[in-house]
Amino acid sequence: MTPASDTAGPVATAGLRNDLIAAAAIAGLGAIGYFVFPDDLAFLTRVIGLAFLVISLDLVTGYCGVATLGHAALFGVGAYAAGNACLAGVTDPILMLLVGIVAGTATGLISGVLVTRFRGLPQLVLSIAFGQLVAALANKLSSITGGSDGLAGISPGPVFGMFNFDMFGRTGYVFSVAVLLIAMVVLLRFARSPFALMCRAIKDDTLRARMIGVAVYPRLVVMYCVAGAVAGLGGALTAINTGVVGLDSVGFERSAEALIMLILGGAGNLWGALIGAILFELFHHYVSAASPFHWMILIGLLLIVVVLFFPKGLVNEVVRRVGEFRQARGAR
Amino acid sequence: MRTVFGILPDALAYGMVLFTISIGLSIMMGLMRVVNLAHGAFAMIGGYLASFALVSLGVSYPVAILIAVIGAVIISVPFEFLLYRRIYRKSDELTQILLTIGITFFIVGVANYIFGPTSKPIPLPELLKGPFDLGVRMIPTHRLFVIGCGVVTAVALWLLIEKTEFGVRLRAAVDNGDMAEALGIRTQIVYSATFALAVGLAAFGGVVGAELLPVEPFYALRYMVTFLVVVSVGGAGSVSGALAASLLLGLADTTGKYLAPEFGEFFFYVAVIVIVYIFPHGLFGRAH
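Here's what the structure looks like:
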């Protein structure tokens, strides 16, 4: 939660305390959503699904410095896999999530092998090409994706055999918040692991990392697999909650939006990814009602402002300000 | 054989459109190292201006092209002055991508606010409308015109870069900006001139290529990726590389669409992945 936990060495007790704070924060946010916006649960559930995509993107962009505009592929494949599993008779939501994770990891492996080989422009273009390739396949293989009509009729069974998905989206919402809570705690631990710290080192100075003996390429590929698992989880969760998977879940727009959300919140900080997703979707929700083109003007201006004035993202900016404030108070 | 003759003119014309639009981006990326995703937005501005000039003002086709190119350059000046100058050479790709995506969204939104959310026609003059007899088969005259425009652009740019004073300064700034600065070349002016050149070329390509890449509300977003891919495959800053990449990718895309239309852009991106993986700095590019 505090910046110190991300940068300083992991201390076991502080780690546990941070995990508890994280869990409490998500549970608290979830409860606020549930009781304050009872009519918007479907929207909030959608935001949680997308938040997984942004968190996943943060793992490769914020932690490894990989610029990618094709990340939705990992999310979409997870969603399609979970949807197909459900149509094939695997209706247990937990199993569907597992299917999504496995499919996302596999896609992450292929994508990571391709994309992390180079830096700079080739990397960016390879990531785009991979994403577009998956999108073209999703359009073509209509027997398993439903083509442009999308995959419909996904009706998962009750959670743990007890809680049915209701038409108000209550079960879906609680289920999603629970999944987010568990995933976030696990990922926050992961982000403090030596592995993730080494990825940060690679991001900061690839050459130096290589000189001290870090095997850069395999590490980035592994990180891509982890990101694939997270994105696949989000995709599966979205498929479970909405009952449909469309071509938009693999599209370029989704990838670009995820990147915008990440930068808005702050890359290199999992909380930034989560909050960026929530802020962007809220902004979208309330502004796009006017007209899609007004919405584009506003999001364009917002992006320009954020890049110019808050290049590290809103969350990191707030953290920095709070830190400065504390220091100033400590000095007095 | 018939199929080959069916595909080739279209592939060539499409490739030349890609070249005319992308070459500005390529020079800009080679020189200023800016991943400018808003390049297509400037091509779109050209298309909208030409359509407006032709349909509402009723000017002739060449005048409309002129209006489009000059208008797009004028419109781009505040963007260059306020935003692009901050990201020349120094900032990381992520910042550039986000800033230029933001600019694209902004331009798309404003363009559609002014001109409305329908696709815009760019009517051709009588001269370019009919078919043209090649001897082997008939092809639309417009395709020949587009191919001609591409060739003229390539030759003119080659002359500009290799044979003029500006070209010398440009190449010096590309190779080593700091050294060029130290030798008294005012790189900021070279940068601004190059930016204007890039925008003008984009607008020109946007107008003459409107038959193949129609001017519609989401033009800037739809082809954003395509132009970037052409530059990456060709190698940033290389005219011959951009030409080769445009023709190659135009051929891959057109062939794919003729022979297996249901696969969409599948073959295009397979070609991209293979080429970029084998030549990470582009076909004719150099490592920076």
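Here the protein sequences come in this chain order: A and B.
For the first sequence, my numbering begins at 1 and goes up steadily by one.
For the second sequence, my numbering begins at 333 and goes up steadily by one.
Cβ atoms here follow ideal geometry from the backbone N, Cα and C, with glycine treated the same way.
Keep in mind that this is a model prediction, so the values were computed, not measured.
Using the Cβ count rule (16 or more neighbours within 10 Å means buried), how would you classify residue i?
i	result
S430 of chain B	Reading off the sequence shown, one finds Leu at residue 430 of chain B, where the question assumed Ser. Result: buried.
Y590 of chain B	exposed
I212 of chain A	exposed
M296 of chain A	buried
E594 of chain B	exposed
E257 of chain A	buried
P122 of chain A	buried
Y80 of chain A	buried
D248 of chain A	exposed
R17 of chain A	exposed
D58 of chain A	buried
I182 of chain A	exposed
P194 of chain A	exposed
D205 of chain A	exposed
V563 of chain B	buried
Are residue i and residue j close, meaning C-beta to C-beta below 8 angstroms?
i	j	result
G362 of chain B	S578 of chain B	no
G169 of chain A	L41 of chain A	yes
L301 of chain A	F438 of chain B	yes
G62 of chain A	N269 of chain A	yes
F165 of chain A	P156 of chain A	yes
A405 of chain B	A528 of chain B	With the sequence shown as reference, residue 405 of chain B is identified as Val, and Ala is not the correct amino acid for it. It is a contact, given that the beta carbons lie within the stated cut-off.
G614 of chain B	F600 of chain B	no
T105 of chain A	A191 of chain A	no
M184 of chain A	A22 of chain A	yes
F374 of chain B	S423 of chain B	no
G434 of chain B	V547 of chain B	no
A72 of chain A	V99 of chain A	no
F252 of chain A	L109 of chain A	no
I278 of chain A	C64 of chain A	no
A231 of chain A	G112 of chain A	no
Could you check what DSSP says for residue i in three-state terms: helix, strand or coil?
i	result
M470 of chain B	strand
V349 of chain B	helix
L369 of chain B	coil
R501 of chain B	helix
D465 of chain B	strand
L151 of chain A	strand
V547 of chain B	coil
F75 of chain A	helix
V159 of chain A	strand
V245 of chain A	strand
R192 of chain A	coil
C64 of chain A	coil
A236 of chain A	helix
T91 of chain A	coil
R117 of chain A	coil
D204 of chain A	helix
T2 of chain A	Unreliable placement is indicated for T2 of chain A, whose pLDDT of 42 sits below 50; the coordinate value is still reported in the next sentence. The answer is coil: DSSP assigns T2 of chain A none of H, G, I, E or B.
Determine, using beta carbons only, whether residue i comes closer than 8 angstroms to chain A.
i	result
V531 of chain B	no
G441 of chain B	yes
V604 of chain B	yes
F374 of chain B	no
E597 of chain B	yes
Y601 of chain B	yes
Y416 of chain B	no
Can you name the residues of chain B whose CB is closer than 8 angstroms to the CB of residue i?
i	result
P311 of chain A	T427
A256 of chain A	I433
K140 of chain A	E594, F595, G596 and F598
L303 of chain A	L430, L431, I433, G434 and F437
I263 of chain A	L426 and L430
V307 of chain A	T427, L430, L431 and G434
L114 of chain A	I605 and Y609
Any Cβ of chain B within less than 8 angstroms of the Cβ of residue i?
i	result
F130 of chain A	yes
F252 of chain A	yes
M296 of chain A	yes
I55 of chain A	no
A136 of chain A	yes
L133 of chain A	yes
L259 of chain A	yes
A67 of chain A	yes
Name the chain A residues whose beta carbon is nearer than 8 angstroms to that of residue i?
i	result
P463 of chain B	By Cβ distance, chain A contributes nothing, its closest Cβ being about 32 angstroms from P463 of chain B, past 8 angstroms.
V367 of chain B	L121 and L124
Name the chain A residues that come within less than 7 angstroms of residue i, Cβ to Cβ?
i	result
S564 of chain B	L121, P122 and V125
P449 of chain B	F293
What residues of chain B sit near residue i, judged by a beta carbon separation below 7 angstroms?
i	result
V77 of chain A	Within 7 angstroms Cβ-Cβ: nothing; V77 of chain A doesn't reach chain B, min ~16 angstroms.
F118 of chain A	P612
List the residues of chain B that residue i touches, going by C-beta distances under 9 angstroms, in chain order.
i	result
G300 of chain A	I433, G434, I435, T436, F437, F438, I439, V440, G441 and V442
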